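Notes for the one structure printed next.
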Amino acid sequence: MAEHDSVIPAGGSGRLTARIKTSPIQNGRVSKSINVGTDAADASSLRLRFTVDVWTPIVAKPRLRLTATGLEGEATRARILLHRADGEPLEISNVETGNSDVRPQVDRVTKDEQNSGTTAEEKDLWLEVVTNQDAAPGVLTGTLRAATNHPDAPELLVPFSIRIRSLIEAHPPGVRMWLPQAGGREGQSTIMTLKRNGNL
3 MAEHDSVIPA GGSGRLTARI KTSPIQNGRV SKSINVGTDA ADASSLRLRF
53 TVDVWTPIVA KPRLRLTATG LEGEATRARI LLHRADGEPL EISNVETGNS
103 DVRPQVDRVT KDEQNSGTTA EEKDLWLEVV TNQDAAPGVL TGTLRAATNH
153 PDAPELLVPF SIRIRSLIEA HPPGVRMWLP QAGGREGQST IMTLKRNGNL
């Protein structure tokens, strides 16, 4: 989105103000382009490019999303690391998932460590969601909400998506058959494949 002076006198100057909308998952350098049309004979169209550095108050690693795939009858877990970009200790409270089959868990990093290529510091937090063992097969989705101690990000929203697979899966999942018309060929057949997941 941009605001600009609609009329600029010959030999004069004008102002163009550009605004860029960012999201909590953006962190780093962002570049955008603006096309400007003019009535100048030698510059009827201009393409302006601007770059900004976006600073995220709370950095999530590897990303601001919780995803996992699990098996029916097991507790499936997904976690991310949360870090305050200003170096202060992060605190979160009132953590809710809005789903009775998914419960949140928060753990403080007790010492600097490397975990799956991610550097965790003592001031950081592990944010985890865990499914109930009796959760039905399917996909559990929603948004985790939490309050933080960061003045620039008092509320943290983290989307989650957890797929729970059945112990036995059928392919195709359903079969439809039609009775033959009078005088037609008798009987029909189809094939359904059953797959057992896990190590049972």
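According to the numbering used here, the sequence shown is numbered sequentially starting from 3.
By construction, the Cβ of each residue, glycine as well, lies at the ideal position given by its N, Cα and C atoms.
Source: prediction; values computed, not measured.
Just how far apart, CA to CA, sit residue i and residue j?
i	j	result
R51	V61	27 Å
L202	T58	Residue confidence for L202 is low, a pLDDT of 49 falling below 50, so the modelled location carries little weight and cannot support an answer.
G75	A20	53 Å
L158	T112	22 Å
W29	T195	Correcting the residue type first, residue 29 is Asn in the shown sequence and not Trp. Taking the straight line joining both Cα atoms gives about 46 Å.
I82	V131	9 Å
L169	A122	35 Å
T40	D154	40 Å
N199	R167	8 Å
L66	G140	22 Å
D114	Q107	20 Å
A43	R49	16 Å
S47	S35	13 Å
A148	V54	28 Å
D205	R178	Summary: the structure shown does not reach residue 205, with the chain confined to residues 3 through 202, and so no result is reported for it.
D88	W128	18 Å
V160	Q116	23 Å
Run through DSSP, which three-state label would residue i get?
i	result
Q135	coil
A80	strand
S163	strand
E157	strand
D126	coil
N29	coil
S118	coil
S35	strand
N199	coil
L18	strand
A62	strand
R178	coil
Please report whether the beta-carbon of residue i lies at a distance below 7 Å from any beta-carbon of chain C.
i	result
T40	Among the protein chains of the structure shown there is no chain C, as only one such chain exists.
Throw me the rounded Cβ distance for the residue i and residue j pair, which I believe falls under 8 Å.
i	j	result
V32	V56	5 Å
I2	L142	As shown, the chain starts at 3 and ends at 202. That puts residue 2 outside it, with no answer to give.
G100	G144	5 Å
N151	L92	7 Å
T133	V104	6 Å
T24	P64	The pair is not a contact, with the Cβ atoms about 19 Å apart (cut-off 8 Å).
At which residues does the beta strand (DSSP E) containing residue i begin and terminate?
i	result
V111	From DSSP, V111 is part of no beta strand (DSSP E); its letter is neither H nor E.
R51	47-56
R147	140-150
A42	Careful: A42 lies outside any beta strand (DSSP E) and carries neither H nor E.
T69	68-73
E98	94-98
In the DSSP assignment, what residue or residues form a beta bridge with residue i?
i	result
R105	V132
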